[in-house]
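Here is the structure we will look at, set down as structure tokens.
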Amino acid sequence: MSADTSLPVLTQKDFASDQEIRWCPRCGDYSILAQMKKVLPTLGIPRENIVFVSGIGCSSRFPYYMSTYGMHSIHGRAPAIATGLKVARPELTVFVITGDGDALSIGGNHLMHALRRNVDLKIIMFNNQIYGLTKGQYSPTSPLGKKTKSTPFGSVDRPLNPLSIAIGAGATFVARSADVDIKHLTSVLERAAAHKGSAFVEVYQDCNVFNSGAFEFATKKDQKEENCIYLEHGKPLIYGKARDKGVRIDGAGNPDIVNLSDVKEDDLLFHDETTDDPTHAFRLAQMRWPDSPEPMGVFRAIERPTYDGEVDRQFKDCIASQGSGDLDKLFNSGDTWEVKAKS
Amino acid sequence: MSSESRESSEQETAENETPVESQTATKELQTVESVVIRFCGDSGDGMQLAGTQFTNVSAVFGNDVSTLPDFPAEIRAPAGSLFGVSGFQLCFSSGDIYTPGDEVDTLVAMNPAALKTNLADLKRGGTLIVNEDAFDKSNLGKAHYDSNPLDDESELASYRVHKVPMTRLTRDAVDGLGLSVREADRCKNFFALGLVYWLYERDSKPTEEWVKSKFGKYPSVLEANLRALKAGFNFGFSTEQFTVHYEVPAAQLEPGRYRKVTGNEAVAMGLVTAAKLAETELFYGGYPITPASDILHELSKLKRFGVRTFQAEDEIAAITSVVGAAFGGALAVTASSGPGIALKGEGIGLGVIMELPMVIVDVQRGGPSTGLPTKTEQSDLFLTYFGRNGDCPMPVIAARSPADCFAMAQEAVRIAVEFMTPVFLLTDGYIANGAEPWKIPEVDGMYRVKVRHPTESNGNGHGFQPYMRDENLVRPWAIPGTPGLEHRLGGLEKSDGSGNVSYDPDNHQQMTKIRSQKLDKIAESIPDQEVDGSESGDLLVISWGGTYGAVKSACAASRRQGKSVAHCHLQYIHPFPRNLGEVLSRYKKVLIPELNSGQLWIIIRAHFLVDAVSMSKVKGKPFLIGELCDKIDEVLES
Chain A
2 MSADTSLPVL TQKDFASDQE IRWCPRCGDY SILAQMKKVL PTLGIPRENI VFVSGIGCSS
62 RFPYYMSTYG MHSIHGRAPA IATGLKVARP ELTVFVITGD GDALSIGGNH LMHALRRNVD
122 LKIIMFNNQI YGLTKGQYSP TSPLGKKTKS TPFGSVDRPL NPLSIAIGAG ATFVARSADV
182 DIKHLTSVLE RAAAHKGSAF VEVYQDCNVF NSGAFEFATK KDQKEENCIY LEHGKPLIYG
242 KARDKGVRID GAGNPDIVNL SDVKEDDLLF HDETTDDPTH AFRLAQMRWP DSPEPMGVFR
302 AIERPTYDGE VDRQFKDCIA SQGSGDLDKL FNSGDTWEVK AKS
Chain B
8 MSSESRESSE QETAENETPV ESQTATKELQ TVESVVIRFC GDSGDGMQLA GTQFTNVSAV
68 FGNDVSTLPD FPAEIRAPAG SLFGVSGFQL CFSSGDIYTP GDEVDTLVAM NPAALKTNLA
128 DLKRGGTLIV NEDAFDKSNL GKAHYDSNPL DDESELASYR VHKVPMTRLT RDAVDGLGLS
188 VREADRCKNF FALGLVYWLY ERDSKPTEEW VKSKFGKYPS VLEANLRALK AGFNFGFSTE
248 QFTVHYEVPA AQLEPGRYRK VTGNEAVAMG LVTAAKLAET ELFYGGYPIT PASDILHELS
308 KLKRFGVRTF QAEDEIAAIT SVVGAAFGGA LAVTASSGPG IALKGEGIGL GVIMELPMVI
368 VDVQRGGPST GLPTKTEQSD LFLTYFGRNG DCPMPVIAAR SPADCFAMAQ EAVRIAVEFM
428 TPVFLLTDGY IANGAEPWKI PEVDGMYRVK VRHPTESNGN GHGFQPYMRD ENLVRPWAIP
488 GTPGLEHRLG GLEKSDGSGN VSYDPDNHQQ MTKIRSQKLD KIAESIPDQE VDGSESGDLL
548 VISWGGTYGA VKSACAASRR QGKSVAHCHL QYIHPFPRNL GEVLSRYKKV LIPELNSGQL
608 WIIIRAHFLV DAVSMSKVKG KPFLIGELCD KIDEVLES
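Just so you know, the protein sequences line up as chains A and B, in that order. Quick note on the working numbering: the first sequence kicks off at 2 and runs consecutively. Quick note on the working numbering: the second sequence kicks off at 8 and runs consecutively.
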């Protein structure tokens with residue numbers, strides 16, 4: 002471990018723990034870990050003020066591989082644990098590392114509530130559309146018809162759309178990236194880390210053992226430009242290798258794929274991540290490959306008071322207005338009476 | 008206290024012999040030591056309010072008091088229905104009292120349903136006051152009476168019955184104030200209260216003050232309540248129906264300043280006190296559940312004491328938020344009742360393996376499942392003792408009365424912090440909602456829990472070792488924000504010392520042993536078990552939790568009859584006090600009464616191989632002293 006000084010200049014290496022990493026070879030998690038280690042030194046936050054909290058699953062081993070404070074907890078509960086930590090210690094920077102099963106199945110309730118409260122947490126959800134740690138059952142994001150060990154005849158569960166859930170819950174920051182899309186992922190993680198409030202980032206992550214290639218459409222070199230739209234705030238939705246296609250909104254309010262040769266750029270849908278109305282972000286979240294090009298990047302980034310900030314404000318206001326609590330006064334509050342010694 | 012001593016003294020004051028000096032002299036005044044009153048009526052009839060007011064005036068007067076509210080699980084059950092009956096029982100006495108009383112001396116029943124569900128508890132010869140206006144066809148039907156019991160001489164022959172047209176008299180009293188009939192009728196609890204104030208020579212001033220402060224903004228309501236109160240008082244005073252009234256002299260309580268506390272209030276104050284004296288912040292994560300919610304309510308008011316409360320989305324989030332806050336260095340607490348504790352199990356296990364301090368209060372109620380939410384029971388002992396996966400030992404302590412919750416909450420914090428472990432504090436619905444006088448303590452001299460967060464690494468150049476232990480097997484409570492002590496905790500088995508994940512078989516054996524040995528270390532920090540009664544003898548009665556008062560009273564009553572009966576009340580259940588085995592060996596027989604099917608009984612038998620006898624009651628009601636005395640006799644004679 003490096004010695005800490007008052008103005009530490011940290012590098013990627015400073016964030017690596019001494020623990021052997023035990024993900025499968027070529028697991029997408031390695032890339033996410035590497036990008037996180039790259040991003041952390043740029044935040045200017047002392048290592049000791051960063052905490053990684055995770056649930057259960059392959060992704061949730063993440064905290065062991067970081068030299069920050071961390072907790073590998075129990076299935077689905079990381080958002081609730083992180084909420085308790087952040088409320089108790091609002092000055093800490095708290096990341097939640099979770100997977101699609103952890104966050105959306107067993108922990109769906111906690112995820113929803115952390116997001117609607119706008120707890121200042123950076124929730125990074127690794128989505129591989131499969132249960133990896135328990136060796137290959139379908140997950141809440143697996144597509145209909147998916148054949149797995151627990152669905153040998155194909156899954157009849159309709160998949161959840163994680164970003165729709167996040168936007169529906171009122172998340173103030175919602176983004177998507179992919180494990181091997183290194184630059185994009187780095188920039189999205191940086192944006193999430195800088196966001197004040199709950200940030201929800203879905204990262205497409207390849208489980209090359211149980212669900213290999215699920216996200217090739219969004220990661221393969223020659224395919225991703227044709228299949229994905231890289232969102233930029235204030236810019237029109239244009240995509241394609243030749244940037245020759247775009248999205249506009251038709252009369253019924255639905256996205257309409259158009260050729261730029263037919264439509265003026267000004268008529269396209271412009272991305273606005275700061276609009277308070279969630280309709281725009283929700284519409285984007287509904288655009289899924291292969292039915293339409295799939296947006297990647299920051300869907301929504303708005304400012305709202307954070308839950309932990311408000312709890313802290315009330316806490317300090319009460320002390321400021323009522324004075325620090327006096328036990329004697331507390332004990333003597335309400336109806337009291339005196340019992341006199343018998344003379 | 009005991010029924011035989013109640014009707015004592017000054018019976019035959021001169022009745023109607025001399026010309027009337029003052030009007031009160033026209034009625035006989037009897038002095039009694041202890042009285043149990045129960046107010047019962049519809050859940051909208053204001054019975055809790057009447058009971059609370061009576062308790063307050065009795066406490067201010069100087070009686071020892073103990074109360075037991077009993078309300079239905081339904082928020083507003085249909086008016087007049089049997090399951091909508093709400094009751095409030097209180098005992099007030101000139102002696103020390105330990106329970107809200109057994110048999111009821113005076114029952115105030117506001118309608119037929121209240122009469123039907125409560126009459127069995129009224130002692131023979133007891134006073135029954137009923138609102139006869141409520142005994143109409145409709146209400147009788149709802150209470151499943153075929154005929155009016157007030158018309159049936161034989162039905163009520165064993166009681167001193169006072170049929171009072173309370174509704175009509177209350178309406179007359181508030182006439183002219185412009186109240187609707189509905190509003191007028193809502194005052195009848197004050198009429199009933201005024202009547203019993205006369206009956207027991209209570210000073211109604213504190214209640215009048217309360218009414219004035221409460222209804223100051225509504226002059227007509229204020230006036231109506233005062234008039235109803237007075238009308239009730241005057242009715243007792245002037246009507247021919249009542250020939251006797253009673254006085255209960257002030258008790259000889261230890262001198263000092265007192266207030267009334269419920270168990271839930273005392274838990275909240277105890278937690279705040281421990282945190283404040285430890286100069287640390289309290290984090291409370293909770294989810295509303297009967298009968299524990301008031302702990303959340305109380306703490307939510309006390310932010311200025313360094314309290315942050317979090318109403319979580321569910322019980323699981325409540326406990327796991329506590330895990331997070333404990334990791335962050337807060338004094339972290341949650342409270343719930345049985346169903347919620349069941350949900351919290353996995354999170355508590357996480358706290359145990361991570362060896363983080365936290366307090367979990369279980370306010371027990373009738374089970375299983377949703378069971379009897381508003382009724383008391385002691386059946387979560389197994390749940391707290393065993394109810395987690397794996398070998399997962401953790402301390403379990405239990406408060407014995409409302410006021411005792413104050414001390415035990417602080418003790419739970421002490422054990423949690425000093426031994427780095429989750430701790431269970433057991434109370435129950437009876438303690439939580441019941442109230443008793445609490446001698447307001449001095450802050451100076453109270454035990455201060457020492458919170459230590461290390462700032463230096465303990466690894467001698469090998470990095471911080473979060474599971475390196477001291478002589479008490481306690482690991483350091485290093486918290487985020489401390490440079491150089493970065494470490495990872497988790498639910499996977501830890502390597503002793505480094506805290507790294509370990510699947511090593513010998514390490515797991517070792518860590519399992521250490522977690523268990525920690526309990527032995529805790530045993531060294533708790534007081535030896537004391538016994539009430541002789542040091543050895545025929546029978547030792549062991550109780551725990553909220554049955555303390557009833558068992559203590561029963562054992563004392565048995566001793567007064569010359570029986571060799573000692574009482575041992577456990578506040579520490581896991582670990583047991585170190586001398587408990589030796590204490591058990593000094594008595595020929597051991598009886599363990601519990602409001603469950605014998606949970607402590609099984610644990611005691613397993614631990615000490617003693618042939619203890621179980622006494623089990625699971626009716627959602629506390630033990631009666633009389634039934635305990637009967638069982639004691641049965642065991643002594645067997």
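Ideal Cβ positions, reconstructed from N, Cα and C, are used throughout, including at glycine.
Exercise for the section: Starting from the beta carbon of Glu4/B, find every residue of chain A whose beta carbon is closer than 9 Å, and list them in chain order. Expected result: Within the shown structure, residues of chain B are numbered from 8 to 645, placing residue 4/B beyond reach of any answer.
Exercise for the section: Return the bridge partner residues of Gly247/A from the DSSP annotation. Expected result: As a first step, residue 247/A is located in the first sequence; it is residue number 246 there, counting from the start. Answer is Ile239/A, Val259/A.
Problem - alpha helix (DSSP H) segment containing Gln323/A, residue limits - result: The residue labelled residue 323/A in the question sits at position 322 within the first sequence. Per DSSP, the unbroken alpha helix (DSSP H) holding Gln323/A starts and ends at 308-323.
Problem - Cβ shell of Lys457/B (< 6 Å), same chain only, five flanking positions each side left out - result: In the second sequence, the residue the question calls residue 457/B occupies position 450. Same-chain partners within the cutoff: there are none.
Practice task
Mind listing, in chain order, the continuous beta strand (DSSP E) runs of no fewer than 3 residues lying wholly within the region 49-136 of chain A?
Solution key: For the region 49-136 of chain A, whole beta strand (DSSP E) runs of length 3 or above, ordered along the chain, are 51-55, 70-73, 94-100, 122-128.
Practice task
Tell me where the beta strand (DSSP E) around Trp338/A begins and ends.
Solution key: By one-based count along the first sequence, residue 338/A stands at place 337. Taken as a continuous stretch (DSSP letters only), the beta strand (DSSP E) holding Trp338/A covers 337-340.
Exercise for the section: Would you kindly report the start and end of the unbroken alpha helix (DSSP H) that includes Gln37/B? Expected result: Within the second sequence, numbered from 1, the residue matching residue 37/B stands at position 30. Here Gln37/B belongs to no alpha helix (DSSP H); instead the beta strand (DSSP E) covers 35-38.
Exercise for the section: Please state if the CB of Pro444/B and the CB of Asp71/B are separated by a distance shorter than 8 Å. Expected result: On the second sequence, residue 71/B is found 64 positions in, with the first residue counted as 1. On the second sequence, residue 444/B is found 437 positions in, with the first residue counted as 1. Contact: yes.
Problem - Under 8 Å from the C-beta of Thr337/A: neighbouring residues of chain B - result: Position 336 of the first sequence, counting from 1, holds the residue named residue 337/A. Ordered by position in chain B, the residues that pass the 8 Å Cβ test against Thr337/A are Arg264, Tyr265, Arg266, Ile447.
Exercise for the section: Starting from Ala83/A, find everything on chain B with Cβ-Cβ shorter than 7 Å and list it in chain order. Expected result: Your numbering for residue 83/A matches position 82 in the first sequence. Going along chain B in sequence order, the residues near Ala83/A (Cβ under 7 Å) are Gly331.
Problem - Residues within the region 181-206 of chain B neighbouring chain A, beta-carbon criterion of under 8 Å - result: Going along the region 181-206 of chain B in chain order, one finds no residue with a Cβ nearer than 8 Å to chain A.
Exercise for the section: Let me know if Pro6/B comes out buried or exposed under the rule of 16 or more other beta-carbons within 10 Å of its beta-carbon. Expected result: The structure shown does not extend to residue 6/B, since chain B is modelled only from 8 to 645, so the question has no answer here.
Practice task
Name, please, each residue of chain A whose Cβ falls closer than 7 Å to the Cβ of Arg311/B.
Solution key: Residue numbering aside, residue 311/B sits at position 304 when the second sequence is read from its first letter. What Arg311/B touches in chain A: Cys319, Ile320, Gln323, Gly324, Ser325, Gly326.
Handout entry: Partner residues on chain A for Lys382/B, Cβ-Cβ distance less than 7 Å
Key = By one-based count along the second sequence, residue 382/B stands at place 375. Per Cβ cutoff of 7 Å: no residues; Lys382/B is ~27 Å from chain A at best.
Problem - Reduced DSSP secondary structure (H/G/I, E/B, other) of Phe166/B - result: Here the question's residue 166/B lines up with position 159 in the second sequence. The question names Phe, but residue 166/B in the sequence shown is Tyr. Three-state result, Tyr166/B: coil.
Practice task
Can you give me the start and stop residues for the alpha helix (DSSP H) that Val228/B sits inside?
Solution key: Indexing the second sequence from 1 puts residue 228/B at position 221. In the DSSP annotation of this structure, the continuous segment of the alpha helix (DSSP H) that includes Val228/B starts and ends at 226-245.
Problem - Proximity test, Val95/A beta-carbon vs the ligand ADP heavy atom, cut-off 7 Å - result: As far as ligands go, the structure on display features none, and thus does not contain the ligand ADP.
Handout entry: Check whether Val171/B and Leu200/B have beta carbons under 8 Å apart
Key = For the purposes of this step, residue 171/B is identified with residue 164 of the second sequence, where counting begins at 1. For the purposes of this step, residue 200/B is identified with residue 193 of the second sequence, where counting begins at 1. In this structure, Val171/B keeps its C-beta atom at 8 Å or more from the C-beta atom of Leu200/B.
Exercise for the section: Leaving aside the five residues before and after Glu217/A along the sequence, list all residues of the same chain whose C-beta is less than 6 Å from its C-beta, in chain order. Expected result: Within the first sequence, residue 217/A is the residue found at index 216, counting from 1. Cβ neighbours of Glu217/A beyond the five flanking positions: none.
Problem - Minimum length 4: unbroken alpha helix (DSSP H) runs contained in the region 338-410 of chain B - result: Counting only runs of 4+ residues, the alpha helix (DSSP H) found wholly inside the region 338-410 of chain B occupies 345-361, 388-393, in chain order.
Exercise for the section: Starting from the Cα of Arg334/B, find the closest Cα among Ile296/B, Pro473/B, Ile104/B, Leu616/B and give me that residue. Expected result: As a first step, residue 334/B is located in the second sequence; it is residue number 327 there, counting from the start. It should be noted that the sequence gives Phe, not Arg, for residue 334/B. If you compare the alpha carbons of Ile296/B, Pro473/B, Ile104/B, Leu616/B with that of Phe334/B, the shortest gap goes to Pro473/B.
Exercise for the section: Return yes when the Cβ of Asn603/B is within less than 8 Å of the Cβ of Ser344/B, no when it is not. Expected result: The count along the second sequence starts at 1 and reaches residue 344/B at position 337. The count along the second sequence starts at 1 and reaches residue 603/B at position 596. Not closer than 8 Å, so no.
Exercise for the section: Just confirm the distance between the C-beta atoms of Val120/A and Val54/A, as a whole number of angstroms; I'd bet it's less than 8 Å. Expected result: Along the first sequence, one-based indexing puts residue 120/A at 119. Along the first sequence, one-based indexing puts residue 54/A at 53. Between Val120/A and Val54/A, the beta carbon gap of about 12 Å keeps them out of contact (Cβ cut-off 8 Å).
Practice task
State the Cα-Cα distance for the pair Arg305/A and Pro582/B, rounded to the nearest angstrom.
Solution key: Looking up residue 305/A in the first sequence gives position 304. Looking up residue 582/B in the second sequence gives position 575. The straight-line gap from Cα to Cα measures roughly 49 Å.
Exercise for the section: Mind the definition here: the region 320-333 of chain A touches the region 132-141 of chain A only if three or more C-beta pairs lie below 8 Å; say whether that holds. Expected result: Short answer: they don't touch.
Practice task
Measuring only between beta-carbons, confirm whether Ile580/B sits less than 8 Å from chain A.
Solution key: As a first step, residue 580/B is located in the second sequence; it is residue number 573 there, counting from the start. Output row for Ile580/B: interface = no.
Practice task
Ignoring anything shorter than 3 residues or poking outside the region 37-112 of chain B, list the beta strand (DSSP E) runs there in chain order.
Solution key: With a minimum length of 3 residues, the continuous beta strand (DSSP E) runs that stay inside the region 37-112 of chain B are 41-49, 71-77, 92-100.
Handout entry: Ile447/B versus Gln315/A: straight-line alpha-carbon distance, rounded
Key = As a position in the second sequence, residue 447/B is number 440, starting the count at 1. As a position in the first sequence, residue 315/A is number 314, starting the count at 1. Approximately 29 Å, taken between the alpha carbons.
Problem - Alpha carbon of Leu635/B to alpha carbon of Asn125/B, nearest angstrom - result: Here the question's residue 635/B lines up with position 628 in the second sequence. Here the question's residue 125/B lines up with position 118 in the second sequence. In a straight line, the C-alpha of Leu635/B is about 21 Å away from that of Asn125/B.
Problem - Listed by chain order, chain A residues near Asn63/B by CB distance under 8 Å - result: Within the second sequence, numbered from 1, the residue matching residue 63/B stands at position 56. Neighbours of Asn63/B on chain A, chain order: Asp336.
Problem - Contacts of Met276/B in chain A (Cβ-Cβ under 8 Å) - result: Counting from one through the second sequence, the residue named residue 276/B turns up at place 269. Neighbours of Met276/B across chain A, judged by C-beta separation under 8 Å: Leu331, Phe332.
Practice task
Could you tell me whether the Cβ of Val10/A comes closer than 8 Å to any Cβ of chain B?
Solution key: Here residue 10/A is taken as the residue at index 9 of the first sequence, counted from 1. By this cut-off, Val10/A is not an interface position.
Practice task
Specify the secondary structure class of Gly544/B as computed by DSSP and reduced to three states.
Solution key: In the second sequence, residue 544/B corresponds to position 537, counting from 1. Secondary structure of Gly544/B (DSSP, three-state): strand.
Practice task
Could you spell out where the alpha helix (DSSP H) holding Arg566/B opens and where it closes?
Solution key: Taking the second sequence and counting its residues from 1, the one referred to as residue 566/B is at position 559. Where Arg566/B is concerned, the enclosing alpha helix (DSSP H) stretches over 555-567.
Practice task
Kindly say whether Asn271/B, judged by its beta-carbon, lies nearer than 8 Å to any beta-carbon of chain A.
Solution key: Residue mapping note: residue 271/B aligns to position 264 of the second sequence, counting from 1. Using a CB distance cut-off of 8 Å, Asn271/B does not count as an interface residue toward chain A.
Practice task
Kindly list the residues whose CB is nearer than 6 Å to the CB of Val210/A, restricted to its own chain and excluding five residues on each side of it in sequence; keep chain order.
Solution key: Start at 1 with the first residue of the first sequence, and residue 210/A comes out as number 209. These residues qualify, in order along the chain: Cys25.
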